[in-house]
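Following numbering that gives the first Met the number 0, the numbering of the sequence shown begins with 0 at its first residue and continues without gaps. Cβ coordinates follow ideal geometry from the N, Cα and C atoms, glycine included.
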Amino acid sequence: MTDPKTSKTPEFLVQHVKFVSVATRDPEAKLIEILKACRGVRVLANWVFYLDSRAMRELFSSSDLSPTRLCVSAEATEDVFFQVSQGPEPCLMDLSLPIFQNLTHLELICASEDGWKYWDGLSLLSNLTHLSVDHGYFHSQAYIEVARKILFQCPASLRVFVFWVPSRSLIRGGWKEVYAINKGNVDPRAVVASTGGFIKDDPFGHPEYALCRSHPDTERDWKGKTTGKDFWELAEEIIERRRKWLQEVRQAFAPLLLSMED
Numbered sequence: 000m001t002d003p004k005t006s007k008t009p010e011f012l013v014q015h016v017k018f019v020s021v022a023t024r025d026p027e028a029k030l031i032e033i034l035k036a037c038r039g040v041r042v043l044a045n046w047v048f049y050l051d052s053r054a055m056r057e058l059f060s061s062s063d064l065s066p067t068r069l070c071v072s073a074e075a076t077e078d079v080f081f082q083v084s085q086g087p088e089p090c091l092m093d094l095s096l097p098i099f100q101n102l103t104h105l106e107l108i109c110a111s112e113d114g115w116k117y118w119d120g121l122s123l124l125s126n127l128t129h130l131s132v133d134h135g136y137f138h139s140q141a142y143i144e145v146a147r148k149i150l151f152q153c154p155a156s157l158r159v160f161v162f163w164v165p166s167r168s169l170i171r172g173g174w175k176e177v178y179a180i181n182k183g184n185v186d187p188r189a190v191v192a193s194t195g196g197f198i199k200d201d202p203f204g205h206p207e208y209a210l211c212r213s214h215p216d217t218e219r220d221w222k223g224k225t226t227g228k229d230f231w232e233l234a235e236e237i238i239e240r241r242r243k244w245l246q247e248v249r250q251a252f253a254p255l256l257l258s259m260e261d
């Protein structure tokens, strides 16, 4: 794409390049050149940490990029995405940047345990319907509290919340919290996801309502190379299937509850 001998015109790149994934640490000048050339990109995934240049922030603050789906590290791109703190207050992730404004699907990869505390701006994303949070560095077992606080910050438009948890959570005793979210007890929009199969091994965890997907699969989802349904679509199906199950459970127990009241 940056080859001076390429036969692809700027108009071609704008019109035809819709998926861009950044997975290697190329020089930022080269990366910025690529992103500027692909102004029509709809799905952008950045798995590279420490994009901390002023030029990168200027690009994301401009109207050149307006994806509808974005995957990005929440904290490691601090100088690009964070507001400048003017005192002891924490730096908030600057979700008012133009690059966020047309998003319907957003995945935030957390590089620290408490990064979610700085996402107040989620409520500003009025088009957001799907949110995914990958807490690979989360060492606490307070999954319910974190899930609820993240959802509290989200706009009313949100329909799907994919909450990735590390497989070691159950080993350390976090299974009760994970299973509560998985069964829909915390929020009907929340789906527990993992790259491991630990939930599948326990029928009491209702594995049919958990999303298990490998790292290569999720990378293909973001690159537009998925064979079949991506993890967003699978999460939607889980939410609907679980909703029907909960409705059936309520209907089955309704006569019993009425008889107890009598």
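Alpha-carbon spacing of residue i relative to residue j, whole angstroms
i: Val19; j: Lys175; result: 38 Å
i: Pro87; j: Ser131; result: Caution applies to Pro87, whose pLDDT of 42 falls short of 50 and renders its modelled position unreliable; the model cannot decide the point.
i: Arg242; j: Arg53; result: 46 Å
i: Ser72; j: Ile108; result: 4 Å
i: Thr103; j: Leu233; result: 16 Å
i: Gly183; j: Gln246; result: 12 Å
i: Gln140; j: Gln250; result: 33 Å
i: Leu123; j: Asp93; result: 10 Å
i: Thr225; j: Arg212; result: 12 Å
i: Leu33; j: Val13; result: The residue asked about is misnamed: residue 33 is Ile in this sequence, not Leu. Going by the C-alpha atoms only, they are around 11 Å apart.
i: Glu235; j: His134; result: 20 Å
i: Phe99; j: Asn126; result: 10 Å
i: Gly223; j: His15; result: 13 Å
i: Lys228; j: Trp221; result: 12 Å
i: Lys35; j: His205; result: 45 Å
i: Gln152; j: Lys116; result: 10 Å
Sequence-distant residues of the same chain with beta carbon closer than 8 Å to residue i, five excluded per side
i: Asp186; result: Ala146, Arg147, Leu150, Phe160, Ile180
i: Thr217; result: Thr194, Phe230
i: Arg188; result: Leu150, Leu157, Arg158, Val159, Phe160, Ile238
DSSP state of residue i mapped onto helix, strand, coil
i: Leu43; result: strand
i: Ser122; result: helix
i: Arg158; result: coil
i: His205; result: coil
i: Ser60; result: helix
i: Glu88; result: At Glu88 the pLDDT is 48, less than 50, meaning the model places this residue with poor confidence and gives no usable figure here.
i: Val164; result: coil
i: Val13; result: helix
i: Ala54; result: helix
i: Glu77; result: Low confidence applies here, because Glu77 scores a pLDDT of 49, under 50, leaving its location unreliable and the question unanswered by this model.
i: Leu210; result: strand
i: Leu34; result: helix
i: Leu233; result: helix
i: Gln100; result: coil
i: Val248; result: helix
i: Gly227; result: coil
Limits of the unbroken beta strand (DSSP E) element including residue i
i: Ser131; result: 129 to 133
i: Phe18; result: 18 to 21
i: Leu107; result: 104 to 108
i: Arg219; result: No beta strand (DSSP E) holds Arg219; the alpha helix (DSSP H) holding it covers 214 to 222.
i: Arg68; result: 68 to 72
i: Val191; result: 189 to 193
Nonlocal neighbours in the same chain, by C-beta distance under 7 Å from residue i, ignoring five residues either side
i: Phe11; result: none
Own chain partners of residue i with C-beta closer than 6 Å, once the 5 adjacent residues on each side are dropped
i: Glu106; result: Cys70, Ser131
i: Ala22; result: Trp46
i: Ser62; result: Pro97
Where the alpha helix (DSSP H) containing residue i begins and where it ends
i: Val177; result: 174 to 181
i: Arg148; result: For the record, residue 148 in the displayed sequence is Lys; it is not Arg. Lys148 -> alpha helix (DSSP H) spans 142 to 151.
For residue j and residue i, believed in contact at Cβ under 8 Å, the rounded distance
i: Tyr142; j: Gly114; result: Not confirmed; about 15 Å, so no contact.
i: Thr67; j: Arg38; result: With 8 Å as the limit, Thr67 and Arg38 do not qualify as a contact, their Cβ atoms being about 14 Å apart.
i: Leu58; j: Ile31; result: 6 Å
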